[in-house]
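Novice: Structure in structure tokens, see below.
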Amino acid sequence: MAAALGRIGHDLGIDESMTQLTFSIFVLGLAFAPFPIASYSEMYGHKPVWLFCNAFYVLWKALCPVGRLPALMVVGRFMAGSGASVGITVGATLTLGDGLMGPIMADMYRKEDRGKSLAIATFVPYLGPALGPVVGGIMTHRLEWPWLFYLLSIFNAVIWVIGLVFISYAPVLLARKRKAAASSTGPTSFRLASSEMAANLCRPLQLLYQRPIIQVIALIMALNFGVYYLLLSTFATMWINRHEQSEFIGTLHYIAVSVGTTVATQAGGRFMDWVFAKQKALSPDGSTIPEFRVPCLLPPVILIPVGLFWYGWAVEVSAHWAVVDDGVAVFVCGSFLLAQAMLAYLLDESSHTASANTASQMLSNVLGFVFPIFAPQMFARLGYGWGNSMLAFLFIGLGCPVPLLLWVWGARLRALGRR
């Protein structure tokens, strides 16, 4: 959709901020819908919830461009994001946050291999936001922008039908029904399920409220994701409006984002395992603690502000496109290295990994919704140089102290609020 934001804003008759709202409100649905979805999936099973939510996503995705109405576009994007959140709730992955994939990987791999496991789990999903605009640019170059929504709906509808066929296989359903009947205890089981649902709904919010360590991790990951999503939403329009490139050529620059994600997810995972092994070898009794992940935060807290300064001022002075893209690749690499290290720390620290991850991702998606909205006014007033510099200074002030904070006081922070 990023490739077509200019056309969408023009056809809907809305300004840049409202156009950015139609883009970013999708992640607002990702922020809050996982809470009830996770609880219902525990009560009724993953597949029925997956089928319902994907049908919900397909419906609202197809409705977004109907009539080219701004209100329907905003509501449709939010509803589509809510339906799509089943992916990060039931087990798929999403940019900068791994939904339940992180907890699943925590169960499948040893701590010593966590970097490798996160690299495997995140490589393809992390490329989505990078390659999606390139594909979108090709499509909008050949087709009208509503077909971005229609084709995605058609594709997901096909996947939905495949899922429906597999879940409707009669012998499997009968076997499941017999198993459920054997273990059911009538109203008591329903009351227990309802009680468990309420607990699942509240646990992420309780962790975020009661655990300072979760608050620190959530804040830094949210700031990181907010800036990243701001860049995603404005990168193509910068090339189209400022450098007068075509939509197709402008979106090809997202390849720089894919380069940054590839380096971070692959080299970063191996680096994380190497650091963890070194830290474990230095431990007197061979025990491990989450703070062994902290050295992996040092490269990203340097790369993120450096990349923002590099990208912003390269755009401001109209440097060669390769210089601009290099700055973006540096920032994105740092952004994903930070997300990997913070997620690994979170998985090592919390016994309720899924709930802790949901709590941290909620704040990330909220800032992912807010940041792109003020981006047009910020760059209009400050320019790309000082606009990105302000973001870099904000990260330096809030993000750079985090490695020291976790290394020195991490154990004390983890002890606070723990039950």
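Numbering-wise, the numbering used here comes out as the position in the sequence shown, counting from 1, plus 114. Every residue gets a Cβ at the ideal spot worked out from N, C-alpha and C, and that includes glycine.
Where residue 516 and residue 409 are concerned, what is the direct C-alpha to C-alpha distance, given to the nearest angstrom?
Specialist: Between residue 516 and residue 409, the C-alpha separation is close to 11 Å.
Novice: Compare the Cα-Cα distances from residue 258 to each of 511, 427, 524 and 121 and report the closest residue.
Specialist: Checked all of 511, 427, 524 and 121; the closest Cα to residue 258 is 121.
Novice: What would DSSP say about residue 427, mapped onto helix, strand or coil?
Specialist: Helix.
Novice: Report the three-state DSSP secondary structure of residue 361 (helix, strand or coil).
Specialist: Looking at residue 361 - three-state DSSP - the assignment turns out to be helix.
Novice: Which class does residue 259 belong to by DSSP, given the choice of helix, strand or coil?
Specialist: Residue 259 falls in the coil class under three-state DSSP.
Novice: Is it true that the CB of residue 426 sits closer than 8 Å to the CB of residue 498?
Specialist: In this structure, residue 426 lies closer than 8 Å to residue 498 by Cβ.
Novice: I need the DSSP call for residue 368, collapsed to helix, strand or coil.
Specialist: Looking at residue 368 - three-state DSSP - the assignment turns out to be coil, as it is neither helix nor strand.
Novice: Between the Cα of residue 452 and the Cα atoms of 336, 162, 398 and 130, which residue gives the shortest distance?
Specialist: For residue 452, the nearest C-alpha among the options comes from 336.
Novice: Residue 477: buried (16+ other C-beta within 10 angstroms of its C-beta) or exposed?
Specialist: Buried, by the Cβ-count rule.
Novice: Under DSSP, the alpha helix (DSSP H) around residue 334 begins and ends at which residues?
Specialist: Here the alpha helix (DSSP H) through residue 334 covers 326–351.
Novice: Sorted by chain position, which residues of the same chain lie with C-beta nearer than 7 Å to residue 485's C-beta, five sequence neighbours on each side aside?
Specialist: 340, 341, 343 and 344, listed in sequence order.
Novice: From the DSSP output, in three-state form, read off residue 115 for me.
Specialist: DSSP places residue 115 in coil when its eight states are reduced to three.
Novice: First and last residue of the alpha helix (DSSP H) that includes residue 449?
Specialist: Where residue 449 is concerned, the enclosing alpha helix (DSSP H) stretches over 435–463.
Novice: Report yes or no: do the segment 184–199 and the segment 132–147 share at least 3 C-beta pairs separated by less than 8 Å?
Specialist: The segment 184–199 is in contact with the segment 132–147.
Novice: For residue 125, does the three-state DSSP call read helix, strand or coil?
Specialist: Helix at residue 125.
Novice: Excluding the 5 residues preceding and the 5 following residue 399 in the sequence, name in chain order all residues of the same chain whose CB lies nearer than 7 Å to its CB.
Specialist: Same-chain partners within the cutoff: there are none.
Novice: In terms of residues, what are the limits of the alpha helix (DSSP H) holding residue 133?
Specialist: Residues 130–146.
Novice: Kindly indicate which residue of 141, 143 and 119 has the alpha-carbon position closest to the one of residue 132.
Specialist: The candidate whose alpha carbon is nearest that of residue 132 is 119.
Novice: Are there 16 or more other CB atoms within 10 angstroms of the CB of residue 276, so buried, or fewer, so exposed?
Specialist: Residue 276 comes out exposed.
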